[in-house]
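In our numbering, the protein residues as written are -14 to 237.
Before any comments, here is the structure.
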Ligand SMILES: NC(=O)c1ccc[n+]([C@@H]2O[C@H](COP(=O)([O-])OP(=O)(O)OC[C@H]3O[C@@H](n4cnc5c(N)ncnc54)[C@H](OP(=O)(O)O)[C@@H]3O)[C@@H](O)[C@H]2O)c1
């Protein structure tokens, strides 16, 4: 399926996987609706794209703001063809009995509730038009758990369940629902997880060739460009050096 002139809504477009997907979709001729909190990053990205682009400064945790942003889209941006639910984050690593509960709230509010708010705002239009595709960015962490990561993993297990649930709820509507679940991928993810501690963040990728945002964008674009009768349900993608979430072959 050609993406030319399709409207694609990408959340978390200001860096990493989201930004790489935006670049991939733009190269395929799509029109991009891009959202994140950091407006400067969105504006910079939009200025580089050679396709129509509309920026939304949006915190996906703010339900009223999400509803208003989608309800007040300019008329030419309302017929969203593809929603890429990508905005998300991990915060800290902590045991269930001593982790920072602010970190828990932020992960649950962003990865689960934020994804729900965006979906609730966008999907009705797709149902009305009888056409659309939702691609959720899950994680290897939704299939596996690591010590100190139980809450992040539970949010991604939730995304896995929501992807399945969306497919059930949209049964017979013609709307596709897919999920792309990355393993270790080098983005701003670890820097955000460790609250800006770049030394600690770098250790996550030490001695290994991780995935890049561009690797994941290739897979997302593959899902998005199948013929309309084909739905890619779930793609789990890891670096070759990662056999399970806690089993990464690192060169010293
Ligand atoms: N990197 C990995 O190893 C990995 C592996 C598996 C899954 N993932 C998933 O991939 C997705 C993208 O992460 P990434 O690796 O590309 O990390 P990243 O570079 O940190 O990008 C995260 C994006 O999410 C946005 N975001 C975070 N909180 C938000 C909020 N409250 N409202 C709106 N946007 C928000 C950020 O934008 P602003 O800060 O500008 O708002 C940013 O654009 C996430 O769902 C993550 O869980 C990552």
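Ideal Cβ placement from N, Cα and C applies to all residues, glycine included.
Since the model is a prediction, treat every value here as computed from it, not as a measurement.
Can you grab the Cα-Cα spacing for the pair residue 131 / residue 226, in whole Å? Within the chain shown, numbered from 1, the residue matching residue 131 stands at position 146. Within the chain shown, numbered from 1, the residue matching residue 226 stands at position 241. Taking the straight line joining both Cα atoms gives about 17 Å.
Considering only the alpha carbon of each residue, which of 140, 78, 55 lies closest to residue 109? Counting from 1 along the chain shown, the entry for residue 109 is found at position 124. Of the candidates 140, 78, 55, the one whose C-alpha sits nearest the C-alpha of residue 109 is 55.
Give, in chain order, every unbroken run of the alpha helix (DSSP H) that is at least 4 residues long and sits entirely within the segment 133 to 194. 135 to 154, 174 to 178, 183 to 188
In the DSSP assignment, what residue or residues form a beta bridge with residue 227? Counting from one through the chain shown, the residue named residue 227 turns up at place 242. Beta-bridge pairing links residue 227 to 233.
Taking all protein chains shown into account, decide if residue -3 is buried (16 or more other Cβ within 10 angstroms of its Cβ) or exposed. For the purposes of this step, residue -3 is identified with residue 12 of the chain shown, where counting begins at 1. Result: buried.
Counting along the chain, where does the alpha helix (DSSP H) carrying residue 30 start and finish? Looking up residue 30 in the chain shown gives position 45. It spans 24 to 33 - the alpha helix (DSSP H) in which residue 30 sits, taken as one unbroken run.
Note down the Cα distance separating residue 39 from residue 229, rounded to an integer number of angstroms. Walking along the chain shown from the start, residue 39 turns up at place 54. Walking along the chain shown from the start, residue 229 turns up at place 244. Near 38 Å, if we compare the C-alpha coordinates of residue 229 and residue 39.
Report yes or no: do the segment 169 to 185 and the segment 203 to 210 share at least 3 C-beta pairs separated by less than 8 Å? no
Endpoints, beta strand (DSSP E) assigned at residue 100: As a first step, residue 100 is located in the chain shown; it is residue number 115 there, counting from the start. Taken as a continuous stretch (DSSP letters only), residue 100 belongs to no beta strand (DSSP E), being part of the alpha helix (DSSP H) at 100 to 114.
What is the C-beta distance between residue 221 and residue 166, in whole angstroms, given that I count them as a contact (C-beta under 8 Å)? The residue labelled residue 221 in the question sits at position 236 within the chain shown. The residue labelled residue 166 in the question sits at position 181 within the chain shown. Sure, about 5 Å apart at Cβ, within 8 Å.
So, does the segment 23 to 32 touch the segment 78 to 89, judging by three or more C-beta pairs under 8 Å? no
Kindly list the residues whose CB is nearer than 7 Å to the CB of residue 52, restricted to its own chain and excluding five residues on each side of it in sequence; keep chain order. Here residue 52 refers to the residue found at position 67 when the chain shown is read from its first residue. Result list for residue 52: 106, in chain order.
Chain-order list of residues whose beta-carbon lies under 7 Å from that of residue 73 (same chain, five-residue window excluded): Within the chain shown, numbered from 1, the residue matching residue 73 stands at position 88. The residues are -3, 95, 96, 122.
Spatial neighbours of residue 126 in its chain, beta-carbon cut-off 7 Å, leaving aside the 5 residues before and after: Sequence index remark: in the chain shown, residue 126 carries index 141 (1-based). Closer than 7 Å at Cβ, skipping near neighbours: 134, 137, 138, 141, 230.
For residue 14 and residue -11, the rounded distance between their alpha carbons: In the chain shown, the residue the question calls residue -11 occupies position 4. In the chain shown, the residue the question calls residue 14 occupies position 29. Cα to Cα, residue -11 sits roughly 4 Å from residue 14.
Under 8 Å between the Cβ atoms of residue 119 and residue 62? Sequence index remark: in the chain shown, residue 119 carries index 134 (1-based). Sequence index remark: in the chain shown, residue 62 carries index 77 (1-based). No; because the gap between Cβ atoms is not below 8 Å, this pair is not in contact.
Use the C-beta contact count for residue 235: other C-beta atoms within 10 angstroms, 16 or more gives buried, fewer gives exposed. As a first step, residue 235 is located in the chain shown; it is residue number 250 there, counting from the start. With fewer than 16 other Cβ atoms within 10 Å, it is exposed.
On a CA-only basis, which of 43, 8, 47, 49 is nearest residue 37? Give me that one, please. Here the question's residue 37 lines up with position 52 in the chain shown. Of the listed residues, the one whose Cα sits closest to residue 37 is 8.
Residue 207 versus residue 100 - alpha carbon distance: For the purposes of this step, residue 207 is taken as the residue at position 222 of the chain shown. For the purposes of this step, residue 100 is taken as the residue at position 115 of the chain shown. One C-alpha to the other measures close to 22 Å.
Rounded to whole angstroms, what is the Cα-Cα separation between residue 48 and residue 148? Indexing the chain shown from 1 puts residue 48 at position 63. Indexing the chain shown from 1 puts residue 148 at position 163. The straight-line gap from Cα to Cα measures roughly 20 Å.
Decide if residue 218 is buried, meaning its Cβ has at least 16 other Cβ atoms within 10 Å, or exposed. As a working mapping, residue 218 is identified with position 233 in the chain shown. Counting Cβ neighbours within 10 Å, residue 218 comes out exposed, since fewer than 16 surround it.
Do you know whose CA, among 91, 12, 163, lies nearest residue 180's CA? Position 195 of the chain shown, counted from the start, is the residue given in the question as residue 180. When each option's Cα is compared against that of residue 180, the closest is 91.
For ligand 1, is there any heavy atom lying closer than 7 Å to the beta carbon of residue 43? The count along the chain shown starts at 1 and reaches residue 43 at position 58. Flag set: Cβ of residue 43 near ligand 1.
Proximity of residue 58 and residue 50 at Cβ, strictly below 8 Å: Stepping through the chain shown from its first residue, residue 58 is reached at position 73. Stepping through the chain shown from its first residue, residue 50 is reached at position 65. No, the pair does not count as a contact, with Cβ atoms beyond the cut-off.
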